[in-house]
Amino acid sequence: MREALARAAALVVGLACYGLSMAIMVRAGLGLDPWDVFHQGLSRKTGMTIGAASAVVGVGVLVAWIPLRNRPGIGTVANVIGIAVSVDVSLALLPTPTSLPVRIAMMVGAVVLNAFATALYIGAGLGPGPRDGLMTGLVMRTGLSVRLIRTSIEATVLAVGWLLGGTVGIGTVLYAFGIGPLVQFFVRVTPRRVLARSGWASVVEANDKRATGASAEGVCDVARQDVSRKKDQEGEQTLIK
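Count along the sequence shown from 1, then add 650; that gives the number in my numbering.
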């Protein structure tokens, strides 16, 4: 019971922080995160609101879960609703800064907060949001790192969003290339016993297998080199005789 409450709290706090981070980026005015650049571009091309565009994209991403064999959970639904509410409330409360140093500080803080929120609500193990589920599914299926997969996804949607007419700024670039390493950092500093019971368990297992495979391959390379050296030494001794 206690663990269930802790997971629910992690989900709620994570989604609230995620929405807050998005609102801070909007108020900073230095560029949106890649997914929202994509949503904005789609909105401008189709006439939909950004919220409607976000929902349509979310459904499309969920369809992409099928070959990855991901399963949605309560957190998947909560992601759509909770983040929308958090963004609206935060935007209503946050003032618009006029000082450039303050705006830069807000943007940097928002990216860090977004990464922390991602690690927290996925770690609740109640189902990732559509976009983060795509990331974790690809990590599990490919064995590649969270940093590489997340950065690749963000860079791709950023490019498409910009081509559709979405607004891109220096903050967008910071987010696209900073979010992957930051999420991986927050996952790495979390105790492994906590990760083993969280939504990151399968991701950590996939990365461990990749690391183990790399280590085993390294051992085999060393063994092959030893055998090769021995053969060379034997050949030299034969020539001397």
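We treat Cβ as the ideally placed atom computed from N, Cα and C, and that holds for glycine.
When rounded, the separation of the alpha-carbon atoms in Ile829 and Arg652 is 31 Å. A residue is called buried when at least 16 other Cβ atoms come within 10 angstroms of its Cβ; Asp782 meets this threshold and is buried.
By the CB criterion at 8 Å, Leu788 and Leu718 fall inside the cutoff.
Beyond the five residues adjoining it in sequence on each side, Phe836 comes within less than 7 Å, by CB distance, of Ala765, Phe766, Ala769 in the same chain, given in chain order.
Val823 and Leu832 have their C-alpha atoms roughly 14 Å apart.
Contact between Ser671 and Ala809 is ruled out by a C-beta separation of about 22 Å, above the 8 Å threshold. The beta carbon of Leu712 sits closer than 6 Å to those of Pro780, all from its chain and outside the five residues before and after it, given in chain order. Here Leu680 is buried: its Cβ has 16 or more other Cβ atoms, across all protein chains shown, within 10 Å.
The C-beta distance from Ala678 to Gly821 rounds to 6 Å, short enough to fall under 8 Å. Ser749 counts as exposed, since fewer than 16 other C-beta atoms from the protein chains shown sit within 10 angstroms of its C-beta. Annotation for Pro684: the continuous alpha helix (DSSP H) segment containing it runs 684–696.
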